[in-house]
Structure formats: structure tokens, C-alpha cells
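Take a look at the structure set out below.
This is how it looks when you write it as C-alpha cells:
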């Protein structure tokens with residue numbers, strides 16, 4: 580049972596990390612779009 584508990588925590592951390600990466604990528608793309616519009 581302890582092994583499954585650890586796997587769930589690791590899976591949750593990976594899921595959160597992926598969400599953070601997506602958020603950062605989207606934010607970066609929005610910044611690039613703003614720069615392109617200015618130019």
C-alpha cells in the first residue's frame with residue numbers, strides 16, 4: 580500500500596509540473612505576440 584501512496588504523490592507532482600510548464604509556455608507565447616504586434 581505504501582508504494583501506491585508514493586506513486587500517487589509522484590504522479591500528482593508530475594501533473595502539477597506539467598500544468599506549470601504549459602502556463603509558462605502560454606505566457607511566453609503571449610509576450611512574443613505582444614512584441615511582434617509592437618514591431
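Numbering (this note's numbering), first residue to last: 580 to 618.
Quick reminder that beta carbons are idealized off the backbone N, C-alpha and C, glycines included.
(message) To the nearest angstrom, how far is the alpha carbon of residue 587 from that of residue 617?
(response) Counted from its first residue, the chain shown places residue 587 at position 8. Counted from its first residue, the chain shown places residue 617 at position 38. Straight-line Cα distance between these residues: approximately 45 Å.
(request) Pick helix, strand or coil for residue 609, following the three-state DSSP scheme. (result) On the chain shown, residue 609 is found 30 positions in, with the first residue counted as 1. Here residue 609 sits in helix by DSSP.
(message) Taking only three categories from DSSP, how would you classify residue 618?
(response) Residue numbering aside, residue 618 sits at position 39 when the chain shown is read from its first letter. In the structure shown, residue 618 sits in coil (DSSP, three-state: anything other than H, G, I, E or B).
(request) May I have the straight-line CA-CA distance separating residue 603 from residue 611, to the nearest angstrom? (result) Counting from 1 along the chain shown, the entry for residue 603 is found at position 24. Counting from 1 along the chain shown, the entry for residue 611 is found at position 32. Distance between the alpha carbons of residue 603 and residue 611: 12 Å.
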